[in-house]
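> Protein sequence lines correspond, in order, to chains H and X. So the mapping is simple: our numbering equals the position in the first sequence, first residue as 1, plus 181. So the mapping is simple: our numbering equals the position in the second sequence, first residue as 1, plus 181.
Number of protein chains: 2
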Amino acid sequence: MAEESFKEYGKEEAISLLYEGSGFVRAENPSFEPSPGSEVISSCRLFVEGIDFDLIYFPLKHLGYKCVCAAAGEIYASMAHPRTLMLRLGVSSKLDFSHIRELWSGAVAAAREHGFKTVDLDLVPSPNGLTISVSAGGERLKLTKGRTVKARSKDLVCVSGSLGAAYLGQQVLEREKRNFDKMEDDKVQPDLEKYKMLIGSYLKPEIPAAAVSRLEDSGIYPSHGYLVSHGLSDTLKRLVRDSGLGVKVYADKIPFEGNSFAFGKEMDIDPISAAMNGGDDFRLLFTIPILSAEKFRRDFQTFEIIGHLAQPEVGAVLVTPDGVELPVKAQGWNNE
Amino acid sequence: MAEESFKEYGKEEAISLLYEGSGFVRAENPSFEPSPGSEVISSCRLFVEGIDFDLIYFPLKHLGYKCVCAAAGEIYASMAHPRTLMLRLGVSSKLDFSHIRELWSGAVAAAREHGFKTVDLDLVPSPNGLTISVSAGGERLKLTKGRTVKARSKDLVCVSGSLGAAYLGQQVLEREKRNFDKMEDDKVQPDLEKYKMLIGSYLKPEIPAAAVSRLEDSGIYPSHGYLVSHGLSDTLKRLVRDSGLGVKVYADKIPFEGNSFAFGKEMDIDPISAAMNGGDDFRLLFTIPILSAEKFRRDFQTFEIIGHLAQPEVGAVLVTPDGVELPVKAQGWNNE
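#1: Mind checking F361 of chain X: buried by the 16 CB within 10 Å criterion, or exposed?
#2: Exposed or buried, which one is K275 of chain H when buried takes at least 16 other CB atoms within 10 Å?
#3: Tell me whether the beta-carbon of E283 of chain H lies closer than 8 Å to the beta-carbon of L311 of chain H.
#4: Using CA atoms only, rank isn't needed, just tell me which of X:D462, X:G488, X:V428, X:A443 is closest to A497 of chain X.
#5: Rounded to a whole number of angstroms, what is the C-alpha to C-alpha distance between S273 of chain H and I237 of chain H?
#6: Determine the extent of the beta strand (DSSP E) in which S224 of chain H is found, giving its start and end residues.
#7: So, are the CB atoms of A346 of chain H and D451 of chain H less than 8 Å apart?
#8: How many angstroms separate the CA atom of H243 of chain X from the CA atom of V315 of chain X?
#9: By a C-beta neighbour count over all protein chains shown, 10 Å radius and 16 as the cutoff for buried, is K476 of chain H buried or exposed?
#10: Drop a sphere of 10 angstroms on the beta-carbon of L344 of chain X, count the other beta-carbons inside from all chains shown, and report buried for 16 or more, exposed for fewer.
#11: Name, please, each residue of chain H whose Cβ falls closer than 8 Å to the Cβ of G318 of chain X.
#12: Excluding the five sequence neighbours on either side, which residues of its own chain have a C-beta within less than 8 Å of the C-beta of I196 of chain X, listed in chain order?
#13: Taking DSSP as the reference, what is the three-state secondary structure of K429 of chain X?
#14: Are the beta-carbon atoms of R333 of chain H and K298 of chain H separated by less than 8 Å?
#15: Taking C-beta pairs closer than 8 Å, name the residues in chain H that F297 of chain X reaches, listed in chain order.
#16: From the DSSP output, read off the bridge partner residues of I313 of chain H.
#17: So what's T483 of chain H in DSSP terms, helix, strand or just coil?
#18: Could you have a look at P452 of chain H and say whether DSSP puts it in helix, strand or coil?
#19: Are the beta-carbon atoms belonging to L417 of chain H and A456 of chain H less than 8 Å from one another?
#20: Taking DSSP's pairing of strands, which residues face E320 of chain X in a bridge?
#21: Using the beta-carbon of each residue, which ones in chain H are nearer than 9 Å to I232 of chain X?
#22: Measure the C-alpha to C-alpha separation of P211 of chain H and S404 of chain H and round it to an integer number of angstroms.
#23: Residues bridged to T468 of chain X by DSSP?
#24: With DSSP run on the structure shown, which of helix, strand or coil describes P508 of chain X?
#25: Looking at the C-beta of F442 of chain H, does it have a partner C-beta in chain X at a distance below 8 Å?
#26: Would you report the Cα separation of I232 of chain H and G460 of chain H, rounded to the nearest angstrom?
#27: Quick one, are the C-beta atoms of Y200 of chain H and K385 of chain H less than 8 Å apart?
#28: Let's test the definition: count the other Cβ atoms within 10 Å of the Cβ of R328 of chain X and tell me whether it reaches 16, buried, or not, exposed.
#29: Are the C-beta of L499 of chain H and some C-beta of chain X separated by less than 8 Å?
#30: Quick one: is P217 of chain X buried, meaning 16 or more other Cβ sit within 10 Å of its Cβ, or exposed?
#31: Would you decide whether E542 of chain X is buried or exposed? Buried here means 16 or more other CB atoms lie within 10 Å of its CB.
Structure (C-alpha cells):
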C-alpha cells in the first residue's frame, strides 16, 4: 500500500480528493424530499476498532463496505428505501491517506449498491484506533405503512440467508492470527481456501438490496423486520419485546453454510450456538402473515422460513430436532 | 458519584433503565412522518475522548448536553426543525453505569429543549476511551424551501452570539488542569468565578431553540446557514465554497464575552484569533437578504451582523478596524 501521508492534506482537501470519481457529490447535512405520506426511517451504527474489527485481518475496503451494509440493512429491516448516508471516521494516526481511500472505496461501493442518493463524509482525528459512525436515512412508502398489519401469533419467521457463518469465519481468522504470531522464521502461507465461504460471510456480508422492492411488488408486508447482526438470540428477544408475542425457531430449519458443521467440529464450536450467539451475519429477518406463506415461498426462494410467532407465554424458544424447547437466553454486555 | 457497576446489567436492561423517567420511549431505527412537501435534513457528529473533550474537567452531564446541541445546531443551520435523534455511545471500561446516567441526563435535557420527538440510544463497548456519535433528523418546511433565494453579494452575515469564548474557556480549564497536576500536598481550590462566562461557553453552549421558528414567523429566509463549531474561519471558508461568492467580516463587529480581552491578555491569546480559529462556540451563522436587514435587526436583537457577502474574487477576508483586509486561512487537519 502506497505510503501517502494523511497530514499532507488539509481535511477539506482530503475530503474533496476522496469524492473525486466516487460518483457522489459532497453534501453536508444531506437532505431529501420524501414522497407524500412516506415515513422517514433513520439508522445508525458505531464500529470501534478492537471490538467490531481487527485491522490485522480486516481489509479496510471490506470494512467500509460492511459498515455501510449495516446501516442499509437496518433501513431495509424497516421496509424502507435508502436515501442519505453519513459517514464519520475517527482516524487514528496509524492510518495514512491511502488507508482512508481504501475504506472509502468500499463504503462507496456499498452506497451505490444500496441506492443511496447522497453520501456525507467527515473525518475527525482519533487518538485511539479507528472509529466509524454510519448513519442512514431512508423512506418507507405510504402504501407499506397502510398495508402493514399487527403481528399475529402464527406469522412466519423468515431469514435472508445462512446464519453462524460470519462468526465461524471470524474464528478462522482469529486462529490464523494466533498461529501467525506463534510462527517465527519459516512462515507458511495458511491454506484458507476451504474456509473461503465462512471468511467471506464475515468480511463481506451481503444484504439483498432488492428485498424491500420485491416485497412491495409481491404485496407482502412483514409485521416486523430486523437486521440480524448480533446473533439470532438477540433478534428473537427484540422480536418478542416489540410484538408482545412469543416466537419458536426450529434448529433444523436454520440455514447453514456448507462446511459449517465440519469446521465447527474442528474448532469445537457448535454452529447452532454460532448462529444464535455469534454476530455479524447481516441477514434480514422478517415476520410474514401466514396467509402470504405460499406466495412468499414461491417468490423469495433465497429466504428460509425458520419458525413462527406464538402465544406470549411461549417467550423465545429454540426447538431442537427431537422437539425439546430451549429458552433463548439474553446476551450480556460483552457477548454481542 | 455512586459506584454502580455497568457490567451488572445486560445491555438491554441498562438501556431500559436509562429510558425510565426520561420522558422518551425507546425506538430503534426511529421514524417520523414529515408534513407534505417538507425536506428531510440529517446531521451527524462524532465526539472522541482526548480530542473533543477531556473527562478530567468535562462533566459528563454537560458533555451529553453539548453533543446533542451540536446535532440540533446543524439541523437549525439548515433551517429545519429537530425530529429524531440517535445517540451511540462507545463506552470504555473506565466508565460505570452512573457515568452513563449522567451523560444521558444531559443528552435528554438537550433533546427536550430542542424538541426532538424520539431519541434512540445504543451502547457499544469501546476499548479506548469514550466515543459519542450523535445523529439527528429534522424537517425543513415546504414554505422555507419555496422562499429561500440564492445568496447575493450583499447578503448580511449574522451570528447568534459571542465568538471565541468557548476556546478561551477551554484554555482556562487546561491551565487549571496543568496547575492541579503540579500541585502536591497543599491543594487550593482555584478561583474560577471570574472566568465563569468563558468556561460556561465551552462546557454548556446554548443554541437558540426558537431561531428557526422565529425566522419562519418573520418571513426571513437565510440564503445559507451554518453551525459555527470549528472557528469562524472554517465557517467562512465553507460559506465561500457553498455560495460561490466572497465574504467580508469586520473584526470590530464580532461579538465577544465581557472579559475575553482581559483574559486573552493574561493568557497571551488574541480573542480575535480565538474567534477565528478556536472551536466549540456553537453559534448559528446565517446569511440574510439585505432587504430583510431592518426587520432582522428589530426582531433578532440577540443576533449580531458581523459582515456581508461580496464578489467572488474577494474570497474570505477579515477586515481589521483600520481597514486592512486579511485573507482567512484554511485550517489544517489537527487545528480544528
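The beta carbon of each residue, even a glycine, is placed where N, CA and C say it ideally should be. Nothing here was measured: the structure is a model prediction, and the numbers come from that model.
This is what the structure gives:
#1: exposed
#2: exposed
#3: No.
#4: X:V428
#5: Taking the straight line joining both Cα atoms gives about 15 Å.
#6: 220-229
#7: no
#8: The alpha-carbon of H243 of chain X is positioned some 15 Å away from that of V315 of chain X.
#9: exposed
#10: buried
#11: V221, S223, G318
#12: Only R207, L302, D303, L304 meet the Cβ criterion.
#13: strand
#14: Cβ distance not < 8 Å, so R333 of chain H and K298 of chain H don't count as in contact.
#15: Under the 8 Å cutoff, chain H gives no residues; its nearest Cβ is about 12 Å from F297 of chain X.
#16: H:F228, H:L270
#17: coil
#18: helix
#19: No.
#20: Residue pairing by DSSP puts E320 of chain X in a beta bridge opposite X:V221, X:H262.
#21: G271, V305, P306, S307, P308
#22: 30 Å
#23: Paired residue(s): X:V338, X:H405.
#24: strand
#25: no
#26: 12 Å
#27: no
#28: exposed
#29: With 8 Å as the cut-off, L499 of chain H does not count as an interface residue toward chain X.
#30: exposed
#31: No answer is possible for residue 542 of chain X: the residues shown for chain X start at 182 and end at 517.
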